[in-house]
Amino acid sequence: MRQFLVPLFALLQATALHALELDGAAIQGGLIFGVANPGSDITLDGEAVQVSPAGRFVIGFGRDETGTRLLEVAGPGTERQVYSLEVAPREYDIERVDGLPPRTV
1 MRQFLVPLFA LLQATALHAL ELDGAAIQGG LIFGVANPGS DITLDGEAVQ
51 VSPAGRFVIG FGRDETGTRL LEVAGPGTER QVYSLEVAPR EYDIERVDGL
101 PPRTV
């Protein structure tokens, strides 16, 4: 039994080293909350992303942002992983009120 548990544990541990969790949407004005391995270095389009000691981070997208963003993650003892995030357009509800004096706008 022990012969099977040791390789299984090693496999699970190696899989955990490449773990990256993302919660949110790559959408204009959106946020993505992420968790990487503690000690990971993360960049978004070449700019460093602040990562907590527990491996948590947040990335945001501007309201007019378009295109593809590259998220790079390098954990301790692992290869750099590159993820492509396509920023989706968002339709905003815009209300217009006509006839207001210019000083109140």
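Here the sequence shown is numbered in this note's numbering, starting from 1 and rising by one per residue.
Think of the CB as a built atom: it goes at the ideal place given N, C-alpha and C, for glycine as much as any other residue.
Give a yes or no on whether the C-beta atoms belonging to residue i and residue j are separated by under 8 Å.
i     : j     : result
Pro51 : Ile59 : This sequence places Val at residue 51; Pro is not what is there. Cβ atoms of Val51 and Ile59: not closer than 8 Å.
Leu85 : Leu71 : yes
Residue i lies in the beta strand (DSSP E); which residues open and close that run?
i      : result
Phe33  : 31-36
Gln81  : 81-87
Leu20  : 20-24
Leu44  : 41-44
Leu100 : From DSSP, Leu100 is part of no beta strand (DSSP E); its letter is neither H nor E.
Arg56  : 56-60
Ser68  : Reading off the sequence, residue 68 comes out as Thr, not Ser. Looking at the DSSP string, the run of the beta strand (DSSP E) that includes Thr68 is 67-74.
Glu47  : 47-49
Where residue i and residue j are concerned, what is the direct C-alpha to C-alpha distance, given to the nearest angstrom?
i      : j      : result
Gly189 : Arg90  : For the chain, the structure presents residues 1 to 105; residue 189 sits outside this window and is missing.
Gly62  : Ala48  : 17 Å
Glu21  : Arg80  : 15 Å
Gly24  : Leu44  : 16 Å
Ala14  : Pro38  : At Ala14 the pLDDT is 45, less than 50, meaning the model places this residue with poor confidence; the figure from the coordinates comes in the next sentence. So the alpha carbons of these two residues sit roughly 14 Å apart.
Arg56  : Arg96  : 40 Å
Ala36  : Thr104 : 48 Å
Ile32  : Pro102 : 38 Å
Arg74  : Tyr83  : Looking at the sequence provided, one finds Ala at residue 74 rather than Arg. When rounded, the distance between both Cα atoms is 11 Å.
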